[in-house]
Amino acid sequence: MPKVLFVGDVHPDGHRLLDTRPEFESVPFTDPKPADLVDAVPDVDAIVLRKLHLGADVLGMAGRLKMVARHGVGCDNIDVDHLTQRGIPVLTVGGANAVSVAEHAMMMLLSAARRLPACMDLLRTAEDGEGRERFLVSRDAVGTMELAGQAVMIVGFGRIGRRLARLASAFDMEVIVADPFVDPSLPEALGYRHVRSSGEALGEADCIVLCLPAAPEDAPLLDAARLARMKKGAILVNVARGSLVDEDALADAVEGGHLRAAATDVWRHLPPGPHHRLVSLPNMVVTPHCAAHTDACLSRMAVVSVRNVLDFFDGQLKRELCANPEALGPAG
């Protein structure tokens, strides 16, 4: 009987799917601590992994492990190299989170353009009576912008980037796609402009949205020098990975007025803490890495994760969802 370890809370729809196969044993691990995992992994055949980091020290204890189903798309919380050396595939959820994350990115872009946090704070602190004139002056000084007619550069044209491009187009934005791995004819056929590198359009885009993968150890894509090259008054949105942006440099660019506003759902360290500069700035839109946390998305990711487990043991693994296809050997 294959034993499946669930590391972290998973939507009930995922558990219900596994329950349809009585030959599988489900082992929930809903309050995981790395030290406890050492005792939990030795006799499991598959792991469904959410947020906890699984390094080689823990994975090395999983002698029976045959596959890992990542409850998400990024694999920066698991030692993929270790698993690849052992011939153990890591399966992701593919496009299961694309709708939710793209909608979140669009929400952040709209909120930043319309200075939603500042507008909400203005209402919450406004005084009646004699304070009305000051309130009106403050309201008129907020400074918002329309998205129609603005150029948005979407960095990364995967499932999320493609979905976001459709949303931005619906707002009559000019879409620039920055992705060196995409055939230029694909975005161009959809009416988008293609550039190989974000640097090619860094100074002309009114808005930039990051939708590309990254590892925690990578150097920031946008450091102080590159942020300074962005168009004055531009907006930056990051729904990808916190390591892509130098957080201190971004705070300087926003606070100093070079950028109109910025928004981020991702952080180098989560939670960033209440005194983090980006959290306290009035022209920042911040969320706690929850872009994929709609109920519908959590259900899809749970179901796809469990389906990946079942497909693996049924001999029907979807190679396109494998983060380390080299672990599978040559395609047959």
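Residue numbers (the numbering used here): 1036 to 1367. Glycine is no exception: its CB is placed at the ideal position from the N, C-alpha and C atoms. These numbers were taken from a predicted model, which means no experiment stands behind them.
In the DSSP assignment, T1160 falls within the alpha helix (DSSP H) that extends over 1151-1160. Inter-residue distance for R1149 and A1240 is about 17 Å (C-alpha atoms, whole angstroms). With a threshold of 16 other beta carbon atoms within 10 Å, M1155 falls short and is exposed. Here S1061 is bridged, per DSSP, to V1039. Under the criterion of beta carbons closer than 8 Å, V1103 and V1125 qualify as touching, at roughly 5 Å. Under a 10 Å Cβ-count criterion, E1209 is classified as buried, with 16 or more other Cβ atoms of the shown protein chains found around its own Cβ. Straight through space, the alpha carbons of S1204 and D1114 are spaced by roughly 38 Å.
The straight-line gap separating the alpha-carbon atoms of V1212 and P1248 is approximately 15 Å. Assignment of beta strand (DSSP E) within the stretch 1227-1253, counting only whole runs of 3 or more residues, yields 1228-1230, 1242-1245 in chain order.
E1209 sits in a strand when the DSSP states are folded into three classes. Contact annotation, F1064 with A1081: C-beta distance approximately 13 Å; criterion of less than 8 Å not satisfied. The way I'd put it, the stretch 1303-1322 does touch the stretch 1270-1288; three or more beta-carbon pairs between them come closer than 8 Å.
Sequence-distant partners of S1334 (beyond 5 residues in either direction) whose C-beta falls short of 7 Å from its own C-beta, in its chain, are H1046, D1048. Apart from the 5 residues on each side of it in sequence, V1187 sits with its Cβ closer than 8 Å to the Cβ of L1144, A1203, M1208, E1209, V1210, I1211, A1240, D1241, C1242, I1243, V1244 in its chain, given in chain order.
For V1115, the three-state secondary structure derived from DSSP is helix. If you check the CB distance, I1189 and G1178 do not come in under 8 Å.
In the three-state scheme derived from DSSP, where H, G and I count as helix and E and B as strand, M1188 is classed as strand.
Rounded to whole angstroms, the gap between the alpha carbons of I1270 and V1039 is 44 Å.
Using a Cβ distance threshold of 8 Å, L1052 and V1341 count as a contacting pair. Under the three-state reduction of DSSP, L1089 is assigned to strand.
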